[in-house]
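Data block below; observations after.
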Amino acid sequence: MTASIATNQTILVVGGGISGMTAALEAAECGKQVILVEKAPVLGGRTARLYRYFPKMCHPTCGLEINLRRLKQNRNVRLMTMTEVTAVSGSRGNYEVTLKVAPRFVNENCTACGKCAEAVSAEVPNPWNYGLDKMKAAYLPHNMAYPQRYVIDPSIVGTPEGEKAKAACPVGAVDLDMKEESVTLQVGAVIWATGWRPYDANKIQPYGYDRFPNVITSLEFERLADPQGPTGGKILRPGDGKEAKNIAFIQCAGSRDENHLRHCSRICCMASLKQTQYVREAYGDSGKSTIYYIDIRAIDRFEDFYQMVQKDATVSFVKSKVAKIVENTENGNPILHGVDTEGYHRYATEHDLVVLAVGMEPEITGVKLPDDIILDSSNFIEGSKDGGMFGAGSAASPLDVNRSVQSATAASLHAIQVIRKTASTEAA
Amino acid sequence: MADNKFAAYICSGCGIGDAMKVPQLEAIAKKEGKMAIVKSHPFLCNAEGVQMIRDDIANEAVTHVCIGACSRRAKTEAFQFEGVAMSRANLREGVLWVVAAGKDHDEVRQEMAADYIRMGCAEVKKMTPPAGNTKESSSKRILVVGGGMSGMTAALEIAAAGYEAVLVEKTGALGGMAAQLWKRQPFKEPYAAAQETGVAEMAAKIAANPKIKLHLNTTIAETSGAPGRFAVKLAQESGAVSEETVGAIVQATGFTTYDMAKLPELGGGQPNVVDQAGLEALAMATKGGAIKRADGKEVKSVVFVQCAGQRDETGTHLSYCSGHCCGTSIKQATYFKDQNPEIDTVVMYQDLRVPGMGEDFYRSAQERGVIFTKGKASTVTGGDSCNVTFKDLILDEESTIATDLVVLATGQVPNAGVDLEAWNPVVTAAEGGNEEAKIQRDAMRTTSVLKLNYRQGPDVPQFKHGFADSHFICFPYETRRTGIYAAGPVRRPMDILQATDDATGAALKAIQAVENAAVGRAAHPRSGDLSFPTARLEGCTQCKRCTVECPFGAIDEDEKRFPVFNEERCRRCGTCMGACPVRVISFENYSCDTVGSQVKAVEVPDEDEEKPRILVLACENDAYPALDMAGMARINYSAFVRVIPVRCLGSVNTIWITDALNAGYDGVMMMGCKKGDEYQCHFVKGSELAHYRMSKIGDTLTQLGLEPERVQTQEVAITDNARVVKLINDYVAELEKLGPSPMKGFG
Amino acid sequence: MTTANQSANLGALERYRNNFLKEVEANVEEGHMVKMCMQCGVCAGSCPFGPHWEHSPQKIFMMIRAGKRDEVLGSDSMFMCTSCYNCMVRCPRELPITHIMHGLANYAHRLGIAPKGQPTREFATLFWNNAIKKGRVNELTLTLRHYFRGGLVSGIKEAMAMQSIGLGLFLAKRLNPMEIFGGHGVKDLKGFHAIIAKAKEIEDRKKGFTA
């Protein structure tokens, strides 16, 4: 990696999740100059926080390692973390982009030795684990963090804790005087790979995510199942830290719903099917998973996975949109009420833990999109009016990882076509 | 070229200098490592430290650098020196952070560090910085096979990026399956009305584009060569033959509909029972008018039976879901409703699968009065009034609907050519002289799409259910035949929208492939690697193991059965190197020597010292990062192991194992990726091959008088940072029980 | 009445042949939304009266699509709806389920094929008849009619059981015993009856009861 100089032959990729990394690397490996910006301190996005992928049950960090290696050795990509796009002006082939770079309070000298974290005692909620645990206010976001540099949480800057971090650093990497910076760049094309966020489960009132500690989201469950997560891979429910063995998965939590997200989020059926296998991994035959669903959307060869899970005796399926959840106040167990529509059977079933398969909505908060961008009614990016900006991955449509990468690769080619056209026009 | 000059730089930062005696390490680098320049620095990765190295390269003509600092995965921006061979001795993640703290462990920690310095010096001396192999005449044209929606898209996208495309279509017209459709599903909001397919416009654009050369009525007679220099013989229907030189290939050969004659219970083959393609034909015939059956009667009621011959668990039909059919039936139901809202249209489904914005299309059809019934059809009888008998899953009862027409939503069957798993045994038999097999082989070859003359078969390997898909979720365009990318429904069942996206992505990968080939750069996953394998053919015994085992079909055989390396097809995994019994294959910077010399560089203590030595050969993709992360988490493991990262377990040559055992190591553990059907090996078979090869090493061990436990192969995931530690520590304990290697002292 | 009901019923059968959905769409309030149901079942689970009736809304919608005219119009389930609107606010397709339930009940009632002796249906009839008489509900006569619907003995029993509540209402001036003599009505009773008659005429025409 090197600091490439941005010109109208440069492609800007916004977002450093798997789609953004893919879009950036594919273009760079075609010989194009790319600037990759990410608002978090590290690359990886949502997928790096998943324990396993469906349907292969392999680990997302395995692909992340390959992508990081591609990035480390490629001199065409310039990475800017903790950076957001604040404005885009100009048009296809000639954009001026304003970026806001937040202070990391740690410079390039950092060797990730960890002395600052040892010195600091203040703790902050850990966003990597969706706030399920706390971390030191001087932290390396996770153990595959790239850039491999610590971050000082702004909350301790200007406090004795911040000074402790600074004093502990043997290489002078902690710089508490860092300020937010604004950077302006010229680029020829922009790929928005800004990804998705989980639908706010608090809004689904009957499920009581805000009231019942043992109702969690599918993303939080990923962290619970992950040995690198807050519980060391044990499925301990947040309410009382007890092992949850009888787990309900509620599909379409926010999706396919005129009151919430109108679209189907595509990934959630497969995600829950996958998560039943986390339960199996943890407990073998003594775990129990129940999936409450409307339609199981296991398309193409994902169907194999569905059929495999259907044969798993620890997993049962109830075709029903759960009506409401109440809490058994004696043991904190959520009780699910509803009707199994296949033959009409009413149930009130108690589980140890409920996992809401929350829908995907485009992560557009904090990303100021230029007026030129065309969004659909769910705020997914369709493209730009001038044809010089593209949506990629789950910023463009609710997609699984495989399809996000496909989409990002396609967006990368479209961006290359834009800068090629600019070059040939200028040459003429 | 100037003489080689070796230098070692040892970092004492991050606590290395506190826990280890750096001057002693320097002395080792100088004396044993024979480094001309040896320096230490308290903070090697900072600007000053890096400048020190750069100055030596510039002023002292240093050509080979051993960095004794952190892991090769860390500080890669700092330690990047153009044109210089570099090894990294992992003193931080590999020693400092994994050996228990405290004076008690000072001795073993120092020994471990010293060995890594010895290994780093030994390795770098055997390395040459790869210069790449630029080819002036490399072709940047791209062949697109198949003129359907995917192929047309790929050709247009390639041309729009400034590259030339050669588009080959076996029929007399462009459009493929899409051309047979009356309308397609909407791609954009409002996701309500079916849209024109756009085939005619695309075909016109292709005809008018000077960068696209179109061959209709044409199939491939033979493909030879490699990325950047594929020679493709084209056979026209007329019998004429031409040849095109291209740099990469996009295979967009699409699908065939599942034969509904195989579904007699669902009325397949009976009058007034059609598949989705059949319904399109009926709609095309009236072009928006009232749809009529084959017998001329206007259709007043229609039932769509979803998943016909799909999602089958009995093993009789397709087990997968074709993904597009729910949306397609919805579209087709609107053909009827748009023409006459009074027509009864029922879609009978088990799970309605319209992900994403397809939900809007579903709603739109409901608004227009299409009835959706959750039910499983058991029998369909065709005839003037067709009867669909089904289990209504909501009302929980058996029911029958009488209707004018039944549409079976059958699945997509990929046109992927020859299944190599079936091909290989036939070829082996044919080569063994079996006449029947020869006939069978030739018959199979005629069904091939690409007719590659590769040693490993005429088409790209197929994945599950015969699709030419990638096995990797993160890397959908991962291909086992470099420079050849599948796109569209041949890769995975899909609809037109996805196929369009997919073809665009494949077009990029093809462009990348021609750019890579021109400069001798590797494709994924070692993208950018400029090294390539060479063989000293004078030592070759023509055993063919390399040609057989190469996961990417990169190696052919000449008439004398010597291997012919096609560098542009190679992915630099080193499986050939691991396979070679006479060790004649090597890369400039990775060879039997670069690893072997590290194995030998380790100082093996005598038996009475009670310090076993265990060699760990760790795959650099997953196992090595897991070991690094164990270090980052400061989880201790035995200081008796010496870890060498390898490109893939497939590249592990048994000589390294025997060398280690001969040198008195007490055990060898290999850590690779998951093998089997759900393999996670980035080079497909590397891990599997390593297991296989090690299963055959037993005889050698017995000859040496060694127990089989002294060689172990483990599957490790990148998340296994805690488990790798346990594997190591358990193994050390097991070996301690076994006692020291009887080979000690003979080495 | 009965003959009018029967002929309306036969007329509807004739007009819609086997297509009960179309009949519902044409004759039932918000009936055109029935087709939008995606069978998730959240309505069924959300109904506080769910355990007390036979067919949940989502099941009724499926029965309509399946053409089960007799079962649907003969079902007592729609009459059990208490208009709590739980189903409606939760429905992911925004179906006006409460309204459809009442619409179906009303349609079945008009056709005269609603279940006989269904208590909520009977009460609703009493209420309606009471209310249109003078343009306002006479709570006392409504209550008494309700109590005595099953005969004198059971009426007295029921009235006795409720006497303390009645007394309380009286003391709180919520119940006027004088209302038993007819009570007061709207000012222009004739005009009110004309309005009701016109409304009925319009609705009958709209829903095909003119036959």
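Residue numbers (my numbering), protein chains in the order written: chain A, 5 to 432; chain B, 417 to 1163; chain C, 37 to 247.
The C-beta atom is built at its ideal place from N, Cα and C for all residues, glycine as well.
Predicted model only: the values in this text are computed from it and were never measured.
N- and C-terminal bounds of the alpha helix (DSSP H) containing residue i
i                            : result
alanine 424 of chain B       : Run containing alanine 424 of chain B: none in the alpha helix (DSSP H); it sits in the beta strand (DSSP E), 422-427.
glutamate 88 of chain A      : Not the alpha helix (DSSP H): glutamate 88 of chain A falls in the beta strand (DSSP E), residues 87-95.
aspartate 858 of chain B     : 851-862
tryptophan 164 of chain C    : 155-170
asparagine 932 of chain B    : 912-935
phenylalanine 306 of chain A : 306-314
alanine 225 of chain C       : What sits at residue 225 of chain C in the sequence shown is leucine, not alanine. That run of the alpha helix (DSSP H) goes 225-242.
CA-to-CA distance, residue j to residue i, given in whole angstroms
i                         : j                         : result
serine 324 of chain A     : alanine 902 of chain B    : 39 Å
glutamate 659 of chain B  : leucine 583 of chain B    : 13 Å
glycine 774 of chain B    : asparagine 383 of chain A : 15 Å
isoleucine 238 of chain C : isoleucine 231 of chain C : 11 Å
tryptophan 839 of chain B : serine 1111 of chain B    : 26 Å
alanine 595 of chain B    : glutamate 653 of chain B  : 21 Å
tyrosine 778 of chain B   : tyrosine 297 of chain A   : 17 Å
tryptophan 132 of chain A : valine 187 of chain A     : 27 Å
alanine 7 of chain A      : glutamine 37 of chain A   : Unreliable placement is indicated for alanine 7 of chain A, whose pLDDT of 44 sits below 50; no coordinate value is reported for it.
serine 259 of chain A     : histidine 267 of chain A  : 6 Å
methionine 5 of chain A   : lysine 292 of chain A     : Residue placement at methionine 5 of chain A cannot be trusted, given a pLDDT of 43 that sits under 50; what the coordinates show is reported in the next sentence. Going by the C-alpha atoms only, they are around 48 Å apart.
arginine 105 of chain C   : glutamate 334 of chain A  : 46 Å
Burial state of residue i (16 or more Cβ within 10 Å)
i                         : result
glutamate 894 of chain B  : buried
valine 178 of chain A     : buried
histidine 88 of chain C   : exposed
aspartate 1024 of chain B : exposed
alanine 701 of chain B    : exposed
arginine 1109 of chain B  : buried
valine 657 of chain B     : exposed
threonine 235 of chain A  : buried
glutamate 365 of chain A  : buried
cysteine 374 of chain B   : The question about residue 374 of chain B has no answer here: the residues shown for chain B are numbered 417 through 1163.
asparagine 165 of chain C : exposed
alanine 247 of chain C    : Unreliable placement is indicated for alanine 247 of chain C, whose pLDDT of 44 sits below 50; the coordinate value is still reported in the next sentence. Alanine 247 of chain C comes out exposed.
methionine 37 of chain C  : Model confidence at methionine 37 of chain C stands at a pLDDT of 48, short of 50, so the residue's coordinates are unreliable and nothing is read from them.
Given residue i as reference, the closest of the options once Cα atoms are compared
i                          : options                                       : result
glutamate 442 of chain B   : B/Ala530, B/Val466 and B/Val514               : B/Ala530
isoleucine 1144 of chain B : B/Leu1043, B/Ala1106, B/Trp1072 and B/Tyr1081 : B/Leu1043
asparagine 98 of chain A   : A/Ile15, A/Pro59 and A/Arg53                  : A/Ile15
glutamine 726 of chain B   : B/Thr863, B/Val715, B/Val719 and B/Gly739     : B/Gly739
serine 290 of chain A      : A/Tyr296, A/Gln281, A/Ile298 and A/Tyr297     : A/Gln281
threonine 916 of chain B   : B/Ala693, B/Ala494, B/Gly564 and B/Asp471     : B/Gly564
proline 841 of chain B     : B/Val964, B/Lys807 and B/Gly548               : B/Val964
valine 1132 of chain B     : B/Gly712, B/Phe788, B/Ala1039 and B/Thr661    : B/Ala1039
valine 222 of chain C      : C/Val173, C/Met99 and C/Leu147                : C/Val173
valine 786 of chain B      : B/Glu984, B/Thr761 and B/Leu824               : B/Thr761
methionine 993 of chain B  : B/Asn1069, B/Phe788 and B/Gln722              : B/Asn1069
N-terminal and C-terminal residue of the beta strand (DSSP E) that residue i is part of
i                         : result
glutamate 386 of chain A  : 385-388
methionine 502 of chain B : 501-506
tryptophan 200 of chain A : 200-202
valine 81 of chain A      : 81-84
Min CB distance residue i to chain F below 9 Å
i                        : result
histidine 220 of chain C : Of the protein chains in the structure, A, B and C, none is chain F.
Length-filtered (4 minimum) alpha helix (DSSP H) runs lying within the stretch 549-593 of chain B: 565-576
Every unbroken alpha helix (DSSP H) inside the stretch 53-80 of chain A [4 residues or more]: 64-77
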